[in-house]
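Enquirer: Here it is, the structure, as structure tokens.
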Amino acid sequence: MARRVCSPMMLPIALVQAFFVLTVSGIWLWGFGLFWTFMVVELPKDLGPYSQMSSLSMFLHGAFPMRDTNDVKYEFKFDHVLILANVIVLMMMGWAPTRSEVEEEADEDLAKASKKSKAKKLAKALDTKE
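Numbering follows numbering that gives the first Met the number 0, with no gaps: position 51 of the sequence shown is 50.
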């Protein structure tokens, strides 16, 4: 019997995996927020009033602007966590094999098995002749 693509028994595992990816995404955004706040806000303060921003600080300031907070702190919402989780899952996901691919793989496995059994029969026949 062929393996089912969707099974109700896999639902708890899928939910655990989904919450794990959401947790990792939230932790990633929280850590990135700390890094952004340090590089864009705190580091220029520590370097003094006449210092220039480093190239990484300028990149973070330009690539991830926080106009809502007037560039004082990095904020994100749950929507951002969901979007990041979806992107991570899509990057890690492989395409599920189609029905014809599964059938072709089964035919190849069957052909390999029949070749092995024929080789064993031939080897037995040769051994019995000697």
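Cβ coordinates follow ideal geometry from the N, Cα and C atoms, glycine included.
Note that the structure is predicted; figures quoted are calculated from it, not measured.
Cβ atoms of Lys-72 and Val-40: under 9 Å apart, would you say?
Expert: Within the sequence shown, the letter at position 41 stands for residue 40. Within the sequence shown, the letter at position 73 stands for residue 72. Yes, Cβ-Cβ distance for Val-40 and Lys-72 is below 9 Å.
Enquirer: Using a threshold of 9 Å, state whether the C-beta atoms of Ala-95 and Ala-17 are closer than that.
Expert: Residue mapping note: residue 95 aligns to position 96 of the sequence shown, counting from 1. Residue mapping note: residue 17 aligns to position 18 of the sequence shown, counting from 1. Against a cut-off of 9 Å, the Cβ pair of Ala-17 and Ala-95 comes out as no contact.
Enquirer: Which value, in whole angstroms, describes the spacing of the CA atoms of Ala-122 and Ser-24?
Expert: Translated into the one-based positions of the sequence shown, residue 122 becomes position 123. Translated into the one-based positions of the sequence shown, residue 24 becomes position 25. If you take the alpha carbons of Ala-122 and Ser-24, they lie about 57 Å apart.
Enquirer: Give the secondary structure of Asp-162 by DSSP, where H, G and I count as helix, E and B as strand, and everything else as coil.
Expert: Since the first residue of the chain shown is 0 and the last is 129, residue 162 is not available in this structure.
Enquirer: With 16 other CB atoms within 10 Å as the buried threshold, where does Thr-36 fall?
Expert: Indexing the sequence shown from 1 puts residue 36 at position 37. Classification of Thr-36: buried, given that the 10 Å Cβ count is 16 or more.
Enquirer: Thinking C-alpha only, which one of Ile-12, Val-20, Met-8, Val-15 is nearest Met-90?
Expert: Taking the sequence shown and counting its residues from 1, one reaches residue 90 at position 91. Sorting Ile-12, Val-20, Met-8, Val-15 by C-alpha distance to the C-alpha of Met-90 places Val-20 at the top.
Enquirer: Taking the C-alpha atoms as reference points, what is the distance between His-60 and Phe-31?
Expert: Start at 1 with the first residue of the sequence shown, and residue 60 comes out as number 61. Start at 1 with the first residue of the sequence shown, and residue 31 comes out as number 32. One C-alpha to the other measures close to 13 Å.
Enquirer: Measure the alpha-carbon distance for Ser-54 versus Ala-62 and round it to whole angstroms.
Expert: Counting from one through the sequence shown, the residue named residue 54 turns up at place 55. Counting from one through the sequence shown, the residue named residue 62 turns up at place 63. Ser-54 and Ala-62: Cα-Cα distance of roughly 12 Å.
Enquirer: Whose CA, out of Met-57, Phe-58, Glu-74, lies closest to the CA of Met-65?
Expert: Here residue 65 is taken as the residue at index 66 of the sequence shown, counted from 1. Ranking Met-57, Phe-58, Glu-74 by Cα distance to Met-65 puts Glu-74 first.
Enquirer: In terms of residues, what are the limits of the alpha helix (DSSP H) holding Pro-64?
Expert: Against the sequence shown, residue 64 aligns to sequence position 65. No alpha helix (DSSP H) contains Pro-64, which DSSP labels as neither H nor E.
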